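Positions in the sequence shown are counted from 1; adding 26 to them yields my numbering.
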Amino acid sequence: MRQLRALEPDFWRAPSAHNTQPWTLTYGDGQAAVGWDPARALPISDPTGRDLRLSLGAFIECCLIVCADAGLPVAYRPDPGPLRVGFLYGAERPYQTPFTTADVRARGANRGEYHAGRLPDDVAGALEGTRRLPCRDLADLLHAADLHQFGDGEVTRELRAWLRLTRRHRRYFLDGLSDRALALTRLEALGLRASLALYPALRRLGLPRALAGASRGLLDYDGDVLVLVGPVEEEVEMGRLLMRHWLTLSNLGYTTHPLSQIIDCPATRQELARRLGVADPRTLLHVARVGRPRAPATPSARLTDHETPARS
Numbered sequence: 027m028r029q030l031r032a033l034e035p036d037f038w039r040a041p042s043a044h045n046t047q048p049w050t051l052t053y054g055d056g057q058a059a060v061g062w063d064p065a066r067a068l069p070i071s072d073p074t075g076r077d078l079r080l081s082l083g084a085f086i087e088c089c090l091i092v093c094a095d096a097g098l099p100v101a102y103r104p105d106p107g108p109l110r111v112g113f114l115y116g117a118e119r120p121y122q123t124p125f126t127t128a129d130v131r132a133r134g135a136n137r138g139e140y141h142a143g144r145l146p147d148d149v150a151g152a153l154e155g156t157r158r159l160p161c162r163d164l165a166d167l168l169h170a171a172d173l174h175q176f177g178d179g180e181v182t183r184e185l186r187a188w189l190r191l192t193r194r195h196r197r198y199f200l201d202g203l204s205d206r207a208l209a210l211t212r213l214e215a216l217g218l219r220a221s222l223a224l225y226p227a228l229r230r231l232g233l234p235r236a237l238a239g240a241s242r243g244l245l246d247y248d249g250d251v252l253v254l255v256g257p258v259e260e261e262v263e264m265g266r267l268l269m270r271h272w273l274t275l276s277n278l279g280y281t282t283h284p285l286s287q288i289i290d291c292p293a294t295r296q297e298l299a300r301r302l303g304v305a306d307p308r309t310l311l312h313v314a315r316v317g318r319p320r321a322p323a324t325p326s327a328r329l330t331d332h333e334t335p336a337r338s
């Protein structure tokens, strides 16, 4: 367990919605409980806990990969409990994986511009549980979902709490979504800060439509959007699978940009399910555009770089 604790900075390279980094590791009795800090959940924009459980699954996969690369025989077993999904424990042999710690460190989201081009069929076909659609086919749903998101005052308030749009923000280098991670220019970040600060007053004057309009051209190019489809009751395991997909794509030079607001909005989730021929819209678990970025992204801040994460 001491060796496991020393590897935590690389565990924390896992992705999470709004970069909240909700995971906790609680050590004791030769094992480590994998749980979450409720203060780092998103009760308004993620009321069912879907994104939370996907993030926990991705975190577990990172833990196992990093431990395997260090030669530590560690396994995971599900054991849901209060603020807990399961345990990491000593195993007979290391986790079998093609990925390394270097792969975990290299992976990252990129919200900037992508080169035009579709995924090769063999690459897309190897991503178990995913469906793909041309970017332009989802442009209308993304705009409608953004209108829904920015039109909801509570959702917008929760998003604002995790935005870090100036380096003067006290948590700029710890967590949340920074201006650099969002690929915003200094002027764009300033404008977004001002708009959100005046949200109550400007909402009736059309601010949600203006904010949603910022992403209107995001999918107007020849590219791919991937949709992960899987059992609702296995969201943690699907998060592990999603992490493996991201590492596979990263090793091939691709990055992803989450667009899960499309499935956070009931109307666009229903319509996306119809277009994909999926009977139960709840099984749409994650949406992201994927491609080769025009410029590298700035890595998201991590708590382990500057402070000790809370342990329950």
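Cβ coordinates follow ideal geometry from the N, Cα and C atoms, glycine included.
Here the structure is a predicted model, which means the values were calculated and not measured.
- prompt: How do the segment 101-116 and the segment 70-86 stand: do at least 3 beta-carbon pairs fall below 8 Å, yes or no?
  reply: yes
- request: Take residue 307 and list the residues in its own chain whose beta-carbon comes closer than 6 Å to its own, dropping the five residues that flank it on each side.
  value: Mapped onto the sequence shown, residue 307 falls at position 281. Same-chain partners within the cutoff: 295, 296, 299.
- prompt: For residue 282, which residues of its own chain have a beta-carbon under 8 Å away from its beta-carbon, when the five flanking residues on both sides are left out?
  reply: Position 256 of the sequence shown, counting from 1, holds the residue named residue 282. These residues qualify, in order along the chain: 135, 136, 252, 272, 275, 314, 315, 316.
message: Considering Cα atoms alone, identify which of 199, 66, 324, 84 is closest to residue 268.
response: On the sequence shown, position 242 is the one that residue 268 refers to. Of the listed residues, the one whose Cα sits closest to residue 268 is 84.
message: Can you tell me whether residue 337 is buried or exposed? The criterion is at least 16 other CB atoms within 10 Å of its CB, across all chains shown.
response: Your numbering for residue 337 matches position 311 in the sequence shown. Low local confidence applies: a pLDDT of 49 at residue 337 is under 50, so the model's placement there is unreliable, and no value is given.
Backbone CA spacing between residue 214 and residue 58 [nearest angstrom]: For the purposes of this step, residue 214 is taken as the residue at position 188 of the sequence shown. For the purposes of this step, residue 58 is taken as the residue at position 32 of the sequence shown. Residue 214 and residue 58: Cα-Cα distance of roughly 42 Å.
field: Contact belief for residue 231 with residue 47 at Cβ below 8 Å, rounded distance in angstroms
entry: Taking the first residue of the sequence shown as 1, we reach residue 231 at position 205. Taking the first residue of the sequence shown as 1, we reach residue 47 at position 21. Residue 231 to residue 47, Cβ: 35 Å. No contact.
field: Buried versus exposed, by CB contacts within 10 Å (16 or more), residue 224
entry: Against the sequence shown, residue 224 aligns to sequence position 198. Its Cβ having fewer than 16 others within 10 Å, residue 224 is exposed.
message: Measuring CB atoms only, is the segment 181-201 touching the segment 83-100, in the sense that at least three cross pairs come out at less than 8 Å?
response: no
- request: Might you give, ordered along the chain, the residues of its own chain that have their beta carbon closer than 7 Å to the beta carbon of residue 72, omitting 5 neighbours on each side?
  value: Here residue 72 corresponds to residue number 46 of the sequence shown, with the count starting at 1. The residues are 43, 78.
query: Terminal residues of the continuous alpha helix (DSSP H) containing residue 46?
result: Looking up residue 46 in the sequence shown gives position 20. Taken as a continuous stretch (DSSP letters only), residue 46 belongs to no alpha helix (DSSP H), as it is neither H nor E.
query: Helix, strand or coil: which one does DSSP assign to residue 265?
result: Position 239 of the sequence shown, counted from the start, is the residue given in the question as residue 265. Of the three classes helix, strand and coil, the one that applies to residue 265 here is helix, per DSSP.
message: Helix, strand or coil, according to DSSP, for residue 60 in the structure here?
response: The residue labelled residue 60 in the question sits at position 34 within the sequence shown. Residue state, collapsed to three classes: strand.
- prompt: Is the beta carbon of residue 244 less than 8 Å from the beta carbon of residue 162?
  reply: What you label residue 244 is simply residue 218 of the sequence shown in a count that begins at 1. What you label residue 162 is simply residue 136 of the sequence shown in a count that begins at 1. No, they are not a contact pair.
message: At 4 residues or longer, what runs of the alpha helix (DSSP H) sit wholly inside the segment 193-264?
response: 212-223, 225-228, 233-239
- prompt: If you draw a straight line from the alpha carbon of residue 206 to that of residue 218, how long is it in whole angstroms?
  reply: Numbered from 1 along the sequence shown, position 180 holds the residue referred to as residue 206. Numbered from 1 along the sequence shown, position 192 holds the residue referred to as residue 218. So the two alpha carbons sit approximately 13 Å from each other.
message: Can you tell me whether residue 265 is buried or exposed? The criterion is at least 16 other CB atoms within 10 Å of its CB, across all chains shown.
response: The count along the sequence shown starts at 1 and reaches residue 265 at position 239. Residue 265 should be labelled buried.
Euclidean distance between Cα positions of residue 226 and residue 211: Along the sequence shown, one-based indexing puts residue 226 at 200. Along the sequence shown, one-based indexing puts residue 211 at 185. Rounded to the nearest angstrom, the two C-alpha atoms are 24 Å apart.
query: Any idea what DSSP makes of residue 330, helix, strand or coil?
result: Position 304 of the sequence shown, counted from the first residue, corresponds to residue 330. Three-state DSSP puts residue 330 in a helix.
task: Determine the DSSP secondary structure at residue 155, reduced to helix, strand or coil.
output: If you number the sequence shown from 1, residue 155 lands on position 129. Note: residue 155 maps to coil in three-state DSSP.
task: Measure the C-alpha to C-alpha separation of residue 56 and residue 28 and round it to an integer number of angstroms.
output: For the purposes of this step, residue 56 is taken as the residue at position 30 of the sequence shown. For the purposes of this step, residue 28 is taken as the residue at position 2 of the sequence shown. Cα to Cα, residue 56 sits roughly 10 Å from residue 28.
- request: Please state whether DSSP places residue 72 in a helix, a strand or coil.
  value: Stepping through the sequence shown from its first residue, residue 72 is reached at position 46. Coil at residue 72, not helix or strand.
Expected contact under 8 Å - CB spacing of residue 250 and residue 160 to nearest Å: As a position in the sequence shown, residue 250 is number 224, starting the count at 1. As a position in the sequence shown, residue 160 is number 134, starting the count at 1. Yes, residue 250 and residue 160 are in contact; Cβ-Cβ is about 7 Å, under 8 Å.
- request: With DSSP collapsed to three states, give me the class of residue 304.
  value: Numbered from 1 along the sequence shown, position 278 holds the residue referred to as residue 304. DSSP places residue 304 in coil when its eight states are reduced to three.
message: Can you find the residues in the same chain that come closer than 6 Å, C-beta to C-beta, to residue 180, ignoring five residues on each side of it along the sequence?
response: Residue 180 sits at position 154 when you count from the first residue of the sequence shown. Same-chain partners within the cutoff: 70.
field: 7 Å CB neighbourhood of residue 263 in its chain, flanking five on each side removed
entry: Against the sequence shown, residue 263 aligns to sequence position 237. Cβ within range, chain order: 83.
- request: Check whether the Cβ atoms of residue 254 and residue 151 sit closer than 8 Å, and answer yes or no.
  value: In the sequence shown, counting from the first residue as 1, residue 254 sits at position 228. In the sequence shown, counting from the first residue as 1, residue 151 sits at position 125. Result no, Cβ atoms of residue 254 and residue 151 do not sit closer than 8 Å.
message: Relative to the C-alpha of residue 67, which candidate in 194, 187, 103, 221 has its C-alpha closest?
response: Indexing the sequence shown from 1 puts residue 67 at position 41. Per the Cα distances, 187.
message: Ignoring anything shorter than 3 residues, give me the beta strand (DSSP E) runs that lie fully in the segment 98-141, in order along the chain.
response: 100-107, 110-116
field: Residues near residue 167 by beta carbon distance below 7 Å, same chain, minus five either side
entry: Numbered from 1 along the sequence shown, position 141 holds the residue referred to as residue 167. Cβ neighbours of residue 167 beyond the five flanking positions: 288, 294, 297, 298.
- request: In angstroms with no decimal places, state the Cα-to-Cα distance between residue 140 and residue 321.
  value: As a working mapping, residue 140 is identified with position 114 in the sequence shown. As a working mapping, residue 321 is identified with position 295 in the sequence shown. Looking at the two C-alpha atoms, the distance is approximately 8 Å.
- prompt: Nearest CA to the CA of residue 138: which residue from 332, 98, 324?
  reply: By 1-based counting over the sequence shown, the position of residue 138 is 112. Here the closest residue by C-alpha is 324.
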